[in-house]
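Here's the structure, in structure tokens; my notes come after.
Number of protein chains: 2
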Amino acid sequence: MNLSLLVARGAIPALSVLAFAFPSLAQDDPLPSWNDGDAKAAIVSFVQTVTDASGADYVPPAARIATFDNDGTLWTEHPMYTQLAFALDRVKALAPDHPEWQTTQPFQAVLEGDIKALAASGEHGLMQIVAATHAGMSTADFETIVRDWMATAKHPKFDRPYTDLVYQPMLELLGYLQDNDFKTFIVSGGGIEFMRPWTEQVYGIPPEQVVGSSIKTEFKMVDGKPVLMRLAEVDFIDDKDGKPVGINSHIGRRPIAAFGNSAGDRQMLEWTQDGDGARLMMLVFHDDADREYAYGPANGEPDTKFGTFPQDLMDDAGKQGWNIISMKNDWATIFPSME
Amino acid sequence: MNLSLLVARGAIPALSVLAFAFPSLAQDDPLPSWNDGDAKAAIVSFVQTVTDASGADYVPPAARIATFDNDGTLWTEHPMYTQLAFALDRVKALAPDHPEWQTTQPFQAVLEGDIKALAASGEHGLMQIVAATHAGMSTADFETIVRDWMATAKHPKFDRPYTDLVYQPMLELLGYLQDNDFKTFIVSGGGIEFMRPWTEQVYGIPPEQVVGSSIKTEFKMVDGKPVLMRLAEVDFIDDKDGKPVGINSHIGRRPIAAFGNSAGDRQMLEWTQDGDGARLMMLVFHDDADREYAYGPANGEPDTKFGTFPQDLMDDAGKQGWNIISMKNDWATIFPSME
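Those sequence lines, one after another, are chains A and B.
In our numbering, each residue's number is its place in the first sequence (first place is 1) plus 15.
In our numbering, each residue's number is its place in the second sequence (first place is 1) plus 15.
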């Protein structure tokens with residue numbers, strides 16, 4: 016087996032192979048897991064443009080804000096959002112304390128693995144699952160629950176921890192932007208407190224740079240100790256129209272670069288694009304059934320509830336000049352190597 | 016007139032006088048506008064403790080989160096909150112387009128300067144004023160309105176722009192913490208979008224590190240251009256119980272230092288104190304009628320709607336070990352010098 020095949024299979028980190036084979040190239044290329052092509056060229060050109068202090072499109076470091084969707088943009092979102100897998104696992108873990116769930120939907124469906132009945136419970140059913148698994152505890156206790164689950168749960172297809180299933184090319188992109196004094200933010204439809212326990216370690220993104228959906232919390236004294244209790248009430252949905260709202264609330268200025276992968280990211284890209292000066296908008300396209308997944312109508316596949324990419328988004332991306340990142344063609348590796 | 020008097024009157028920046036008189040002292044003292052005393056000693060000791068890499072209470076830079084109330088902690092809040100002065104000025108500016116305001120409360124009260132009638136309109140009246148002056152425009156337009164007002168409005172007592180009436184000792188404290196790799200946040204009951212246009216220039220605090228009260232915004236396309244419209248609906252009140260909630264939402268980790276000046280900051284200090292390791296909680300006490308204002312029952316003065324400091328807060332501060340900053344005794348200067 017030759018070196019490039021080992022890299023392609025993720026058995027050897029691409030960077031270390033390149034460092035072995037082409038020391039100077041490895042040193043110069045900040046994006047070694049990206050194949051040469053339009054996507055990589057657009058990234059490098061944009062960064063050079065906004066960091067060139069003598070150029071007309073120079074952006075001072077403080078204004079170098081880049082926002083990233085998470086599910087499907089930075090890590091795998093199939094066969095279901097990781098947070099949904101977490102919620103279903105929590106229902107199973109909590110079931111012994113709730114014998115009534117054996118005969119009550121949507122819990123019965125989760126416990127019996129009845130996907131059809133679960134889907135039939137709709138948004139109301141999902142909210143019941145969220146309330147049962149995400150609320151009723153303190154923020155500190157929820158963080159512990161998330162950490163414990165992340166440390167043990169494994170993805171059904173890849174048999175690796177979910178935090179291993181982040182995209183190596185996107186890790187390099189985050190690092191490249193951070194090295195160029197960008198402040199990188201996550202702006203995800205996922206739960207803000209589901210992400211914060213691990214984003215710093217995995218992405219180099221601290222909790223204060225994570226924007227997400229949230230439920231309400233309440234400050235109270237419990238036995239003389241201040242706690243924040245998580246309530247079974249939606250506070251904010253950071254998706255679609257909500258993304259520019261979340262960006263404005265948490266960041267307070269407009270990104271100059273935004274990265275997404277689905278219809279839920281459209282408004283974030285529109286909001287980013289409408290600012291003055293150089294802008295970079297990109298969409299990760301899941302067209303790699305061999306190494307990850309291929310899904311979405313724009314890909315000739317059935318639509319999906321997890322990361323839908325309709326044809327009109329693809330059409331508009333072309334019109335707007337948004338760059339498409341083909342996982343199949345633009346990425347030399349998908350996941351970090353197994354150490 | 017001798018040098019120290021010039022400094023006390025704010026005619027010469029304290030630092031430049033010290034640099035002239037005692038070059039080495041000026042270089043060594045990061046807090047030249049603070050008189051020697053318990054408050055200054057507590058700050059310096061805390062910073063040395065958490066930055067001593069060999070000490071048991073060392074805190075890595077990423078976790079050095081410090082939160083500051085704004086009104087009455089970083090700048091003057093009397094005779095009324097600056098944002099209220101802004102709202103009243105806006106009512107006057109908009110009145111020609113609203114002839115009905117001449118005979119409709121609470122607007123009539125504002126236009127006639129009838130403080131008693133204004134107070135009688137209560138919270139409902141205040142919300143009407145907020146709706147008329149803070150909502151119905153885009154976030155971009157509101158930012159322009161705030162910038163324009165800040166550039167021209169003057170404080171009634173000091174006849175200086177409001178952004179001049181920030182506390183010189185607190186500017187030095189912010190700088191001292193920032194120089195020691197703290198991330199400094201504002202956590203204010205004031206409007207988040209009222210503060211963000213000027214906090215970076217005045218405090219060195221970028222928009223993404225400002226937490227405040229907010230009204231809802233809505234993303235929409237206007238003539239093919241994406242805008243965020245400000246709605247006449249409260250989103251979040253970042254005061255009292257709301258401060259730890261706002262901290263959790265925006266920062267996602269617990270501060271190790273918190274600074275306030277009123278009953279509205281109590282929960283922020285409690286939340287800060289309850290973490291592990293070294294902590295610093297401080298309250299600015301307005302006891303300087305000569306150089307600024309003296310107010311609050313703990314000061315032997317009548318209570319006030321702007322920055323109330325009840326006696327039980329003073330009692331609890333003593334019990335909890337929170338430091339009181341006496342403006343009269345701890346601060347050698349109050350405001351930055353007039354250049």
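No residue lacks a Cβ here, since even glycine has one placed at the ideal position from N, Cα and C.
Within chain B, the residues F234, P241 have their CB atoms less than 8 angstroms from the CB of Q282 (chain A), given in chain order. The beta-carbon of A77 (chain A) is placed less than 8 angstroms from the nearest beta-carbon of chain B. For S341 (chain A), the enclosing beta strand (DSSP E) stretches over residues 338 to 341. Neighbours of V161 (chain B) in chain A, taken as residues whose beta carbon is under 8 angstroms from its own, are absent, since the nearest beta carbon is some 13 angstroms off.
E307 (chain B) and F300 (chain B) have their C-alpha atoms roughly 11 angstroms apart.
When secondary structure is reduced to three states using DSSP, D345 (chain A) falls in the helix class. In the displayed model, K172 (chain B) falls within coil according to three-state DSSP, outside both helix and strand.
Chain-order list of chain B residues neighbouring S264 (chain A): S229, by C-beta distance under 7 angstroms. Looking from the CA of S203 (chain B), the closest CA among B:D253, B:E233, B:L192 belongs to B:D253. Less than 8 angstroms divides the Cβ of G292 (chain B) from the Cβ of I271 (chain B). Shown here for A78 (chain A): same chain residues with a beta carbon closer than 8 angstroms to its own, the five before and five after excluded, namely R268, I271 in chain order.
Per the DSSP secondary-structure output, A273 (chain B) pairs in a beta bridge with B:T82, B:M296. Against chain A, the CB of G267 (chain B) has a partner CB under 8 angstroms away; the residue lies at that interface. Annotated as distal: T214 (chain A) and F83 (chain A), with beta-carbon spacing of 8 angstroms or more. DSSP places D112 (chain A) within a helical segment (H, G or I) once states are collapsed to three. Annotation: V181 (chain B) is outside any alpha helix (DSSP H) and is labelled neither H nor E by DSSP.
The criterion of a C-beta distance shorter than 8 angstroms is satisfied by I207 (chain B) and S228 (chain B). The alpha helix (DSSP H) runs of length 4 or more contained entirely in the segment 211 to 297 of chain B are, from start to end of the chain, 257 to 265, 281 to 288. With distances taken between CA atoms, F274 (chain B) lies nearest to B:I58 out of B:I58, B:A304, B:M95, B:W164.
Only those residues of the segment 136 to 168 of chain A whose C-beta falls short of 8 angstroms from the nearest C-beta of chain B are listed: T154. Not one beta carbon of chain B lies nearer than 8 angstroms to the beta carbon of R175 (chain A). Under a 10 Å Cβ-count criterion, R294 (chain B) is classified as buried, with 16 or more other Cβ atoms of the shown protein chains found around its own Cβ. Rounded to whole angstroms, D250 (chain B) and I230 (chain B) show a C-alpha spacing of 5 angstroms.
When only Cα atoms are considered, D327 (chain B) and I339 (chain B) end up about 14 angstroms apart. Contacts between P221 (chain A) and chain B, judged by CB atoms closer than 7 angstroms, involve A77 in chain order. Check the Cα spacing between L109 (chain A) and each of A:M236, A:I144, A:P171, A:K235: the tightest is with A:I144. A residue is called buried when at least 16 other Cβ atoms come within 10 angstroms of its Cβ; Y182 (chain A) meets this threshold and is buried. In the three-state reduction of the DSSP assignment, T199 (chain A) falls in the strand class. In the DSSP assignment, A309 (chain B) forms a beta bridge with B:D302.
Burial state of E115 (chain A) is exposed, judged by a 10 Å Cβ sphere holding fewer than 16 other Cβ atoms. Beta-bridge partners of S153 (chain A) (DSSP): A:M244. Any Cβ of chain A closer than 8 angstroms to the Cβ of P259 (chain B) would place that residue at the interface, and such an atom is present.
Pairwise C-beta distances place the segment 81 to 97 of chain B out of contact with the segment 132 to 144 of chain B, as fewer than three of them are shorter than 8 angstroms. Residue-level contact by beta carbon fails for D86 (chain A) and chain B, as no gap is shorter than 8 angstroms. By the rule that beta-carbons nearer than 8 angstroms mark a contact, R211 (chain B) touches chain A.
In the three-state reduction of the DSSP assignment, G140 (chain A) falls in the helix class, which pools H, G and I.
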